[in-house]
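Novice:
Residue numbers (this note's numbering): 292 to 683.
1. What do you reckon, are the CB atoms on residue 620 and residue 475 nearer than 9 angstroms?
2. From the DSSP output, in three-state form, read off residue 506 for me.
3. Please return the same chain residues whose Cβ sits closer than 6 angstroms to the Cβ of residue 594, not counting the five positions on each side in sequence.
4. Cα separation between residue 300 and residue 627?
5. Do you know how far the Cα of residue 527 is from the Cα of residue 654?
6. Just to check my reading of the structure: residue 624 and residue 679 have Cβ atoms closer than 8 angstroms, yes? What is that Cβ distance to the nearest angstrom?
7. Looking only at C-alpha atoms, which of 637, 390, 667 sits nearest to residue 629?
8. Pick out the complete alpha helix (DSSP H) segments inside the region 517-551, 4 residues or longer, and give them in chain order.
9. If contacts are defined as beta-carbon pairs under 8 angstroms, then residue 350 and residue 484 qualify, I think. What distance do you get, rounded to the angstrom?
10. Helix, strand or coil for residue 322 per DSSP?
11. What number of angstroms, rounded off, separates the C-alpha of residue 639 from the C-alpha of residue 373?
12. Does the distance from the C-beta atom of residue 353 to that of residue 369 stay below 9 angstroms?
13. Taking the alpha helix (DSSP H) that residue 409 belongs to, which residues open and close that run?
14. Nearest-angstrom Cα distance between residue 436 and residue 649?
15. Taking C-beta to C-beta, are residue 431 and residue 488 nearer than 9 angstroms?
16. Run the CB neighbour count on residue 283, radius 10 Å, all protein chains shown included, and call it buried at 16 or more, exposed below.
17. Leaving aside the five residues before and after residue 491 along the sequence, list all residues of the same chain whose C-beta is less than 6 angstroms from its C-beta, in chain order.
18. Could you tell me the alpha carbon to alpha carbon distance between residue 442 and residue 422, rounded to whole angstroms?
19. Report yes if the C-beta distance between residue 465 and residue 604 is below 9 angstroms; otherwise report no.
20. Excluding the 5 residues flanking residue 532 on each side, which residues of the same chain have their C-beta closer than 8 angstroms to its C-beta?
21. Out of 675, 677, 670, 657, point me to the one whose CA is closest to residue 458's CA.
22. Under three-state DSSP, which class holds residue 473?
23. Tell me the residue span of the alpha helix (DSSP H) that contains residue 653.
24. Using DSSP with H/G/I as helix, E/B as strand and the rest coil, what is residue 420?
25. Below 8 angstroms on the Cβ atoms is my guess for residue 660 versus residue 455; work out the distance and round it to an integer in Å.
26. Do residue 470 and residue 329 have their C-beta atoms closer together than 9 angstroms?
27. At the level of alpha carbons, what is the spacing between residue 296 and residue 597?
28. Report buried or exposed for residue 377, applying the criterion of at least 16 other Cβ atoms within 10 angstroms of its Cβ.
29. Using the rule of at least 16 other Cβ atoms within 10 Å of the residue's Cβ for burial, across every protein chain shown, is residue 669 buried or exposed?
30. From which residue to which residue does the alpha helix (DSSP H) around residue 308 run?
31. Here's a check: name, in chain order, each residue in its chain whose Cβ is nearer than 7 angstroms to the Cβ of residue 543, leaving out the five neighbours to either side.
32. How about residue 453 and residue 530: do their beta carbons lie closer than 9 angstroms?
33. Answer yes or no: do residue 665 and residue 622 have a C-beta to C-beta separation smaller than 9 angstroms?
34. For the region 344-387, list the alpha helix (DSSP H) runs that are entirely contained and at least 4 residues long, ordered along the chain.
35. Looking at the structure shown, is residue 602 part of a helix, part of a strand, or coil, going by DSSP?
36. Apart from the five residues just before and just after residue 673, which ones in its own chain have a Cβ nearer than 7 angstroms to its Cβ?
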C-alpha cells in the first residue's frame with residue numbers, strides 16, 4: 292500500500308511542477324518522459340541490481356576513507372580537541388580539506404572530463420543542449436555557484452529554458468565537498484551518493500516542465516573552462532581552501548543564529564501549546580504522506596522538509612540525524628534523499644547573485660525564473676526519494 296501511495300505522490304509532485312510551468316503547450320514530451328524513465332531505471336539499478344548496489348557501497352566506502360585523511364590535518368591543528376564532539380572541528384573542518392581537493396581536481400581537469408563524458412551522454416539521451424547538460428551533471432560534484440564556472444562564457448547567451456536548467460540543477464543538488472558534513476552528522480553516505488547520482492535526470496525532468504524550450508539555442512560548440520582564473524595547481528588549491536573556509540564560517544554562523552531563533556520561536560509558540568517545528572510539520576505533512584510514510588513518520592518528514600525549505604538543508608539534516616533511530620529503514624533512506632538539495636528560500640539570492648556575476652545582462656531573467664527554480668530544486672530530491680522508495 293505504501294508503494295501505491297508513493298506512485299500517487301510522484302504523480303502529484305509532477306502535477307505541481309506542471310501547474311508551475313510557464314508554457315504547458317511547449318513541453319517536450321520526449322525529453323520529459325525520457326528523463327522520467329531514466330530516473331526510474333537508475334533508481335532500480337542502484338537499489339535492486341546487485342552490481343548497482345555494489346558500486347554504491349564501494350563508492351560510499353571509498354569516499355568515507357577519503358574523508359578520513361582530513362583527520363591528519365585536524366589532529367595537527369587542534370590536537371586533543373579533535374574527536375571530542377566539537378561540531379565546528381569534527382564536522383565542518385573536513386569540508387576545508389574536501390574543498391581544497393576539489394580545487395585541485397578541477398584544475399587538473401578530472402572534474403571537467405567526467406562532466407564532459409556524462410553530460411554528453413545525458414544531452415544525447417534527452418535531446419538537450421550541451422551547456423545545460425554539462426551544468427546539470429557538474430552539480431553532482433560542485434555547488435550551485437561553482438558549477439556555472441565551467442560554462443560561464445555561455446551564460447549570457449543561454450535561452451530562458453537553459454537558464455532554468457542551471458537554476459534547478461543548482462538548487463536541486465548538493466556540493467560534493469559538503470557531503471562529508473552531512474555524513475558526519477549521521478546521514479548514511481549511501482543515500483547521499485544516490486541523491487547525487489539522480490541529480491542530472493531529475494533536474495532536467497523538472498526544469499523542462501517548468502520552462503520548456505521555445506527559443507533557438509545560441510550555444511553550440513561548448514568548451515569547458517576547467518582552470519578559471521587559476522594559473523597553477525597551488526592557486527587552484529588555495530582558492531578551494533578559501534571557498535571551503537567561507538563555507539564553514541557561513542554554515543557555522545547560520546547554525547548558531549537559526550537554531551537559537553528556532554528555540555526562541557518554539558518557546559513563544561509553546562505558550563499556545565505548539566511549536567515552530569510542529570507547525571512546519573503540519574504544513575508539509577501531505578508531502579510526507581505522499582512519500583508513502585506512515586503517521587508519525589509523515590509528521591517528522593513534514594517537520595524536516597519544512598525546516599529545509601524555510602532555513603536550509605544542513606539544519607534539516609542536523610534535525611533528522613537524532614530522529615533516525617525512531618524511523619524505519621525506508622523512512623531514513625527516503626528522508627536522507629528528500630532533504631538533499633539547496634532548494635530553500637535563502638538559496639534564491641545566492642543563486643541569482645552568483646549567476647549575475649557571469650551574466651549581468653540576464654539578471655532580470657534570472658530574477659523572474661528564480662522562485663520557480665527554487666521550488667523545482669526543492670522538488671527534485673523529493674521526487675528522487677519517491678523513485679527510490681518504489682524499490683525499498
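Glycine included, every Cβ here is placed at the ideal spot set by N, Cα and C.
Specialist: The short version:
1. Their beta carbons are not under 9 angstroms apart, which means residue 620 does not touch residue 475 by this criterion.
2. Residue 506 falls in the coil class under three-state DSSP.
3. So the list reads 568, 571, 572, once near-sequence residues are dropped.
4. Taking the straight line joining both Cα atoms gives about 17 angstroms.
5. If you take the alpha carbons of residue 654 and residue 527, they lie about 28 angstroms apart.
6. Confirmed, about 6 angstroms.
7. Out of 637, 390, 667, 667 has the C-alpha closest to the C-alpha of residue 629.
8. Fully enclosed alpha helix (DSSP H) runs of 4 or longer: not present.
9. The Cβ separation is near 6 angstroms, so the contact holds.
10. In the structure shown, the three-state DSSP call for residue 322 is helix.
11. The straight-line gap from Cα to Cα measures roughly 35 angstroms.
12. Going by C-beta atoms, residue 353 is not nearer than 9 angstroms to residue 369.
13. From DSSP, the alpha helix (DSSP H) with residue 409 extends over 401-417.
14. Looking at the backbone, the Cα of residue 436 and that of residue 649 are separated by about 10 angstroms.
15. Contact: yes.
16. Outside the shown range of the chain (292 to 683) lies residue 283, about which nothing can therefore be said.
17. These residues qualify, in order along the chain: 413, 427, 428.
18. For residue 442 and residue 422, the distance between alpha carbons rounds to 7 angstroms.
19. In contact: residue 465 and residue 604 (Cβ atoms closer than 9 angstroms).
20. Closer than 8 angstroms at the Cβ level, and outside the excluded window around residue 532, lie 387, 390, 391, 394.
21. Considering only alpha carbons, the answer is 657.
22. Three-state DSSP puts residue 473 in a helix.
23. Counting along the chain, residue 653 sits inside no alpha helix (DSSP H), nor does DSSP assign it H or E at all.
24. In the three-state reduction of the DSSP assignment, residue 420 falls in the coil class.
25. Indeed they touch by this definition, with Cβ atoms about 5 angstroms apart.
26. Taking 9 angstroms as the Cβ cut-off, residue 470 and residue 329 do not qualify as a contacting pair.
27. Each residue's Cα considered, the two are about 21 angstroms apart.
28. Its Cβ having fewer than 16 others within 10 Å, residue 377 is exposed.
29. Taking all protein chains in view, the Cβ of residue 669 is crowded by 16 or more other Cβ atoms within 10 Å, so the residue is classified as buried.
30. From DSSP, the alpha helix (DSSP H) with residue 308 extends over 293-310.
31. Answer for residue 543: 379, 383, listed in chain order.
32. Cβ atoms of residue 453 and residue 530: not closer than 9 angstroms.
33. The Cβ atoms of residue 665 and residue 622 do not sit closer than 9 angstroms to each other.
34. Counting whole runs of 4 or more residues, the region 344-387 contains the alpha helix (DSSP H) stretches 361-369.
35. Collapsing the DSSP output to three states places residue 602 in coil.
36. So the list reads 304, 578, 629, once near-sequence residues are dropped.
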